[in-house]
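Mapping of the sequence shown onto this note's numbering: residues 415 to 551, in sequence order. Ideal Cβ placement from N, Cα and C applies to all residues, glycine included. Given the structure is predicted, the values throughout are model-derived calculations rather than measurements. A short worksheet on the structure shown next.
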Amino acid sequence: MDTSYEQLLDRAFAQLPSLAAEKSDFKIPEVDSIIQGAKTIIRNFSQIADVARREPDDIAKYLTRELAAPVSIGDQKLTISTKAQAAVLNDKIRKYFQAFVICKECGKPDTHIEGTQRGYETLVCEACGARYTVKRS
Ligand SMILES: [Zn+2]
């Protein structure tokens with residue numbers, strides 16, 4: 415057996431999961447929505463909140479602002495008092511995740527929000543330790 419140091423290194427690196435692969439593991443959930451009359455219902459709303467690890471109320475407030483329509487949470491669902499296509503809702507949810515959930519340093523969703531001061535909050539990443547201010551629009 416004649417294993418060079420370089421070969422050992424190669425082997426060690428090969429065993430490390432690649433960062434890129436880890437990043438792509440996480441998928442922003444897609445909304446499961448239906449339009450009923452003049453309202454839209456997101457049927458998997460509590461599931462989306464679970465994936466985001468955020469209070470359903472927080473996401474609901476975001477959607478209210480973004481869609482300029484009242485919303486109400488009930489029975490795992492979110493009811494929005496306007497007609498909104500799934501593509502629009504998916505776009506809003508994606509923006510929410512990008513702004514308030516996914517760490518912009520390492521791309522992972524293992525984050526939480528600390529402190530609320532005049533609309534400024536700190537996103538803290540549990541995966542890489544990054545901390546940065548997020549601003550509610
Ligand atoms: Zn991070």
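If we call anything under 8 angstroms between Cβ atoms a contact, is residue i one with residue j?
i    : j    : result
V465 : L477 : no
A474 : I487 : yes
K491 : A452 : no
I507 : T454 : no
F511 : L537 : no
What I want to know is whether the C-beta of residue i ends up closer than 7 angstroms to one or more non-hydrogen atoms of ligand 2.
i    : result
A544 : Judged by which ligands are present, ligand 2 is missing from the structure shown, whose ligands are ligand 1.
Determine which residues share a DSSP beta bridge with residue i and list them.
i    : result
T373 : The chain is shown from 415 up to 551; residue 373 falls before or after that span and cannot be answered.
A486 : Rather than Ala, the amino acid found at residue 486 in this sequence is Ser. BP columns for S486 point to T493.
T547 : T536
I455 : I448 and T493
Assign residue i to buried or exposed, taking buried as 16 or more other Cβ atoms, counted over all protein chains shown, within 10 Å of its Cβ.
i    : result
R468 : buried
E540 : exposed
T547 : exposed
S447 : buried
D424 : exposed
Leaving out the 5 sequence neighbours to the left and right, which residues in its chain are closer than 6 angstroms to residue i when beta-carbon positions are compared?
i    : result
R532 : none
F440 : P523
Who are the near neighbours of residue i in its chain, counting only those whose CB is closer than 8 angstroms to its CB and skipping five residues on each side?
i    : result
C542 : C517, E519, C520 and K522
A435 : Residue placement at A435 is poorly supported in this model, since its pLDDT is 47, which falls under 50; the coordinates still yield a value, given next. Excluding residues within five positions, none has a Cβ falling inside 8 angstroms.
Tell me which residues share the same chain as residue i and place their Cβ nearer than 7 angstroms to its Cβ, disregarding the 5 neighbours each side in the sequence.
i    : result
I442 : I507, R508 and F511
L503 : V445, S447 and I456
E420 : none
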